[in-house]
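Asks: Before I ask anything, let me first share the structure, which is written out below as structure tokens.
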Amino acid sequence: MPLQFTAAPSSRIRKPPSRSRSTASSPFARLRRAKPNRRLQRDSEKEDEREDQDGSGTAYSPDRLPDLGPSNHLAETSLVTTVVQAIQHVQNTIFTDMPASRPGMNSTRIAHVLNFRRSLPPVVSVAHVHVLLHPPTAVEREIAHLVHTARLRRLFIPGRGTALAGLGDCLVLVEDWEFLVRSSASLDDSLKDKFIQLLRSNAQTSAVSAAHFTPDETSALVRAGFLVSPSSLAKVTSSSINPAVALASPTDDVAVQLAPQADNQSSWSSRSFRDSTMVLSLPNLGPYLRLISAARSQMLSLLEKSKYKEAPLSLLRDRWDGAVESQAQFAVAKRARGESSGVLPGRTKKWKELYGMNFRWALEEAIGAGLIEIFDTGCVGPGVRRL
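Residue numbers for the sequence shown, in UniProt numbering: 1 to 387.
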């Protein structure tokens with residue numbers, strides 16, 4: 001017979017459900033759970049800072065480096081003893097070598113970097129020399145002696161400042177200047193000899209009277225980059241200077257350059273030409289000054305990443321070089337497995353904008369300009385702080 005299901009309650013005896021224990025084993029079980037109070041942790045940190053105070057009462061924060069006084073790391077590690085050696089050292093250590101493998105740059109970019117390096121003038125700032133040599137009085141005395149004996153020229157660049165932070169006070173060896181003149185393809189041999197004779201005879205000033213050269217010779221020297229007009233010449237009204245004289249754009253950052261047209265040279269007034277004063281210069285001086293300015297800005301921006309605008313020298317060097325690939329065994333193994341072990345050098349700012357500038361060179365330049373200082377920490381090596 002078929003089974004029939006109804007909604008009627010069953011008469012089966014059921015066991016009543018067991019009640020949960022109303023009383024807990026602990027009297028604190030019903031209290032609300034809360035995270036540990038962080039106020040006690042902050043109080044303990046303050047107590048640790050008070051215990052770490054030195055005799056003068058100065059507390060060192062975990063992020064601040066201990067300062068034990070100025071460091072002589074740069075002067076002790078440099079191997080120069082004279083001004084001439086310091087100038088040659090600065091010229092030879094401005095850039096690092098091109099990476100032998102995996103540079104991250106194509107052949108066109110590599111050629112551009114090498115050509116840019118080769119085109120820079122042999123100029124060294126006075127502030128950079130003072131970082132490598134001490135004391136400053138003896139260095140200035142030696143510079144004055146070299147200038148007096150026509151072995152060295154002190155080049156003052158208008159509009160760039162002559163203080164420590166400025167870029168207008170530079171040093172050039174006379175032999176390097178003569179080499180640039182001899183290797184210039186746009187100058188005649190007679191004009192080269194005449195200009196070199198002027199360099200040797202007039203070593204005390206950078207100003208040159210235009211009467212030393214003919215208008216054609218002056219135009220050739222201006223186009224070659226060995227002469228420029230001072231900034232005061234740009235303020236002369238158009239009635240005293242022929243409109244055919246074109247002034248270079250402000251992006252040259254050296255001085256207001258004179259660029260006369262070849263077909264209008266004969267229209268120059270002989271009187272205004274004799275009264276004008278030119279300034280000695282070097283080819284491609286503007287790109288060189290912009291490169292130094294960019295290096296100083298990059299060094300300051302790297303220190304800005306730290307909370308107190310200071311960092312150990314080793315950390316600052318790693319930031320300058322970027323997270324590039326290394327030739328360590330673990331890095332080579334990661335690349336063999338197809339894993340990333342860092343970025344290529346050509347993708348870092350060091351190579352994209354600074355053409356592979358050496359970290360130590362940029363550090364010395366920034367210290368000489370008075371933008372940063374180096375001090376001894378006593379624990380992590382030298383430290384660098386922005387001023």
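Cβ atoms here follow ideal geometry from the backbone N, Cα and C, with glycine treated the same way. For clarity, every value in this text was computed on a predicted model and none was experimentally measured.
1) Can you tell me where the beta strand (DSSP E) with threonine 218 in it begins and where it stops?
2) Using the Cα positions of arginine 153 and aspartate 169, report the straight-line distance between them to the nearest angstrom.
3) Taking asparagine 284 and leucine 173 to be in contact with their CB atoms under 8 Å, please state how far apart those CB atoms are, rounded to whole angstroms.
4) Does the Cβ of serine 219 have 16 or more other Cβ atoms within 10 Å, making it buried, or fewer, making it exposed?
5) Report the option in Ala86, Lys15 and Val123 whose CA atom is closest to the CA atom of proline 287.
6) For methionine 105, which residues from the same chain have a beta carbon less than 6 Å from its beta carbon, with the 5 sequence-adjacent residues on both sides left out?
7) Taking DSSP as the reference, what is the three-state secondary structure of serine 183?
8) What separation, rounded to the nearest whole angstrom, lies between the Cα atoms of leucine 291 and glutamate 353?
9) May I ask you to verify whether the stretch 70-86 touches the stretch 368-385, counting CB pairs closer than 8 Å and requiring at least 3?
10) Below 8 Å on the Cβ atoms is my contact criterion, and I expect leucine 227 with valine 208 to pass it. Report the Cβ-Cβ distance as a whole number of Å.
11) Quick one: is serine 101 buried, meaning 16 or more other Cβ sit within 10 Å of its Cβ, or exposed?
12) Given a threshold of 16 other Cβ atoms within 10 Å of its Cβ, counted over all protein chains shown, does alanine 255 qualify as buried or as exposed?
13) Taking only the alpha-carbon atoms, compute the straight-line gap between aspartate 376 and alanine 311 and give it to the nearest angstrom.
14) Over what stretch of residues does the alpha helix (DSSP H) that includes glycine 189 continue unbroken?
15) If you draw a straight line from the C-alpha of threonine 214 to the C-alpha of valine 147, how long is it?
16) Got a sec? Which residues, its chain only, sit under 8 Å from valine 324 by beta carbon, not counting five neighbours each side?
17) Could you work out which residue in Val83, Ala203, Pro135 and Val131 is closest to phenylalanine 156 when comparing CA atoms only?
18) With 16 other CB atoms within 10 Å as the buried threshold, where does leucine 133 fall?
19) When we look at the beta-carbon of serine 306 and count the other beta-carbons within 10 Å, is it buried (16 or more) or exposed?
20) Could you check which residue in Thr137, Leu280 and Phe359 has the C-alpha nearest to that of phenylalanine 95?
21) If you measure between the beta carbons of alanine 366 and alanine 295, is that distance less than 9 Å?
22) Looking at the strands, I want to know which residues DSSP matches up with isoleucine 374.
23) Looking at the unbroken alpha helix (DSSP H) that takes in leucine 120, where does it start and where does it end?
24) Could you check the C-alpha separation between glycine 378 and leucine 313 for me, to the nearest Å?
25) Of all the options Leu187, Ala210, Trp177 and Glu304, which has the alpha carbon lying nearest to the alpha carbon of leucine 279?
26) Where does serine 209 fall in DSSP's three states?
27) Look at the alpha carbon of arginine 386 and the alpha carbon of threonine 77, and state the distance between them as a whole number of angstroms.
28) On the premise that leucine 171 lies in contact with valine 129, defined as a C-beta separation below 8 Å, what is that separation, rounded to the nearest angstrom?
29) Using DSSP's beta-bridge definition, name the partner residues of proline 312.
30) Going by DSSP, what residue range makes up the beta strand (DSSP E) through leucine 289?
31) Leaving aside the five residues before and after proline 250 along the sequence, list all residues of the same chain whose C-beta is less than 7 Å from its C-beta, in chain order.
32) Near valine 139, what residues of its chain come up, given a Cβ to Cβ distance below 8 Å and the 5 sequence neighbours on each side ignored?
33) Using the beta-carbon count (16 or more within 10 Å), is valine 181 buried or exposed?
34) How long is the line joining the alpha carbons of residue 388 and aspartate 216, rounded to whole angstroms?
35) Between the C-alpha atoms of leucine 303 and isoleucine 143, what's the straight-line distance to the nearest angstrom?
36) DSSP state of valine 80, grouped into three classes?
Replies: In this structure, then:
1) Per DSSP, threonine 218 belongs to no beta strand (DSSP E); it is in the alpha helix (DSSP H), 215-224.
2) 11 Å
3) Not confirmed; about 17 Å, so no contact.
4) buried
5) Val123
6) Gly346
7) Serine 183 falls in the helix class under three-state DSSP.
8) 8 Å
9) yes
10) Indeed, because the Cβ distance is near 7 Å, the residues count as touching under 8 Å.
11) exposed
12) Only weak support exists for where alanine 255 lies, its pLDDT of 39 falling under 50; the value from the coordinates is given anyway. Per the 10 Å Cβ criterion, buried.
13) 11 Å
14) In the sequence as displayed, the identity of residue 189 is aspartate instead of glycine. Unbroken alpha helix (DSSP H) run through aspartate 189: 189-201.
15) Going by the C-alpha atoms only, they are around 27 Å apart.
16) Gly342, Val343, Leu344, Pro345 and Thr348
17) That would be Ala203, whose Cα lies nearest to the Cα of phenylalanine 156.
18) buried
19) buried
20) For phenylalanine 95, the nearest C-alpha among the options comes from Phe359.
21) yes
22) In the DSSP output, where bridge partners are listed per residue, isoleucine 374 has Val384.
23) No alpha helix (DSSP H) holds leucine 120; DSSP gives it neither H nor E.
24) 13 Å
25) For the sequence presented, residue 279 should be read as valine rather than leucine. When only C-alpha atoms are compared, the closest one is Ala210.
26) Note: serine 209 maps to strand in three-state DSSP.
27) Per the coordinates, the alpha-carbon of arginine 386 lies some 22 Å from the alpha-carbon of threonine 77.
28) 7 Å
29) Gly383
30) Counting along the chain, leucine 289 falls outside any beta strand (DSSP E), though it belongs to the alpha helix (DSSP H) covering 285-304.
31) In this predicted model, proline 250 has a pLDDT of only 38, less than 50, meaning its place in the structure is not dependable; the value taken from the coordinates is given anyway. Correct list: empty, nothing qualifies.
32) By the criterion of a C-beta distance shorter than 8 Å, valine 139 is surrounded in its chain by Val83, Val129, His130 and Leu133, once the five residues flanking it on both sides are discounted.
33) buried
34) Any question about residue 388 goes unanswered here, given that the chain covers just 1 to 387.
35) Answer to the nearest angstrom: the Cα atoms are 33 Å apart.
36) Note: valine 80 maps to coil in three-state DSSP.
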